[in-house]
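Residue numbers for the sequence shown follow the numbering used here, beginning at 265 and rising by one. A short worksheet on the structure shown next.
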Amino acid sequence: MATKTETKTQFPMFTSYDASAMRSIYADNVAVAMQAQRVMLDAAEATMTRQFNLVREMMDTMQSQVTSFDMNKKPEAYVADVKAVAERAQNIVKNEVDNGLKVQQQVADLVSKRMAENVEASKKFAA
Numbered sequence: 265m266a267t268k269t270e271t272k273t274q275f276p277m278f279t280s281y282d283a284s285a286m287r288s289i290y291a292d293n294v295a296v297a298m299q300a301q302r303v304m305l306d307a308a309e310a311t312m313t314r315q316f317n318l319v320r321e322m323m324d325t326m327q328s329q330v331t332s333f334d335m336n337k338k339p340e341a342y343v344a345d346v347k348a349v350a351e352r353a354q355n356i357v358k359n360e361v362d363n364g365l366k367v368q369q370q371v372a373d374l375v376s377k378r379m380a381e382n383v384e385a386s387k388k389f390a391a
């Protein structure tokens, strides 16, 4: 019959434990998370506002085109209008992508800076 050997779990021992320092690190982490969330929410709000205004502008444009539609005008005459709308839509998409990348970079900078500070604080605990 095999004998059962007991293994004891060993936990790392800290020479000193500073609860207020740990609480401070936690509070700083929460503050950075809230700041990152605020940056993302502000960007989302700005994007939605721009899109709402764009839709409103499109509705006004469509309404004016419907009321001023000329049956005698050839379809080729509307090509310039369609081309202008397509170019504008392309510029809007490019701007939105650029804004999104800028916001992602801001959040990444915030989080990476905080992580570096956490590593430095952890080194102090380990010393």
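Using N, Cα and C, we set each Cβ at its ideal position, and we do this for glycine too.
{"Query": "Chain-order list of residues whose beta-carbon lies under 8 Å from that of MET379 (same chain, five-residue window excluded)", "Result": "none"}
{"Query": "Spatially closest choice to ALA297 from VAL375, LYS387, SER284 and GLU381, by CA coordinates", "Result": "VAL375"}
{"Query": "Run of the alpha helix (DSSP H) containing ASP334, from where it starts to where it stops", "Result": "Where ASP334 is concerned, there is no enclosing alpha helix (DSSP H), given that its DSSP letter is neither H nor E."}
{"Query": "Any 3 or more C-beta pairs closer than 8 Å across the region 347 to 362 and the region 381 to 391", "Result": "no"}
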